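Participant:
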Amino acid sequence: DGVLCPTRGDCAPFVKDVTYDKANPNRISVAFEPQRTRNAERIELFTNSRESQAIELGGGASASPTPGFLTAEGIRQVTYSLSQQFGVARQVVTDY
């Protein structure tokens, strides 16, 4: 079905540790078990650029508008893995 970890217990062989600090909700760290993933030892997820805006939906000639809202946020993933150079971790940055 394409789902890697449908339940929390199914991820146990891959995920070593998940770190989340309530004082800084913009960051999550996920460490993987050694040699269980092809290209990552750990990843850091950063959430920023949160925005929200009140809007009115619908309306038109005879209907009154319905209140609503829009939200958006930016997510950056930094993947750390082994590199060819000793002592230097490879980093890949992806923005969503």
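Sequential numbering of the sequence shown, starting at 1, is according to our numbering. Glycine is no exception: its CB is placed at the ideal position from the N, C-alpha and C atoms. Only a predicted model underlies this, so the values are computations on that prediction, with no experimental measurement involved.
Measuring CA to CA, which of E44, T94 and D17 is closest to N24?
Facilitator: As a position in the sequence shown, residue 24 is number 24, starting the count at 1. Comparing Cα-Cα distances from N24 to each of E44, T94 and D17, the minimum goes to E44.
Participant: Assign V30 to buried or exposed, taking buried as 16 or more other Cβ atoms, counted over all protein chains shown, within 10 Å of its Cβ.
Facilitator: Within the sequence shown, numbered from 1, the residue matching residue 30 stands at position 30. Looking at its Cβ environment, which holds 16 or more other Cβ atoms inside 10 Å, V30 is buried.
Participant: Given this structure, state the Cα-to-Cα distance separating S49 from Q35, to the nearest angstrom.
Facilitator: Your numbering for residue 49 matches position 49 in the sequence shown. Your numbering for residue 35 matches position 35 in the sequence shown. When rounded, the distance between both Cα atoms is 34 Å.
Participant: In the DSSP assignment, find the unbroken beta strand (DSSP E) run with K16 in it and report its ends.
Facilitator: Numbered from its first residue, the sequence shown carries residue 16 at position 16. Taken as a continuous stretch (DSSP letters only), the beta strand (DSSP E) holding K16 covers V15 to Y20.
Participant: Figure out for me which residue from R38, V18, K16 and D17 has the closest Cα to the Cα of S83.
Facilitator: The residue you call residue 83 lines up with position 83 of the sequence shown. It is R38.
Participant: Please identify the residue among Y20, N26 and E41 whose C-alpha is closest to the C-alpha of F14.
Facilitator: As a first step, residue 14 is located in the sequence shown; it is residue number 14 there, counting from the start. Of the candidates Y20, N26 and E41, the one whose C-alpha sits nearest the C-alpha of F14 is E41.
Participant: Give every residue of the same chain whose Cβ lies closer than 7 Å to the Cβ of G58, excluding the five residues on either side of it in the sequence, and list them in chain order.
Facilitator: Numbered from its first residue, the sequence shown carries residue 58 at position 58. These residues qualify, in order along the chain: P65 and T66.
Participant: Identify, in the order they occur along the chain, each residue of the same chain with its Cβ nearer than 8 Å to the Cβ of A89, setting aside the five sequence neighbours on each side.
Facilitator: Start at 1 with the first residue of the sequence shown, and residue 89 comes out as number 89. So the list reads E41, Y80, S81, L82 and S83, once near-sequence residues are dropped.
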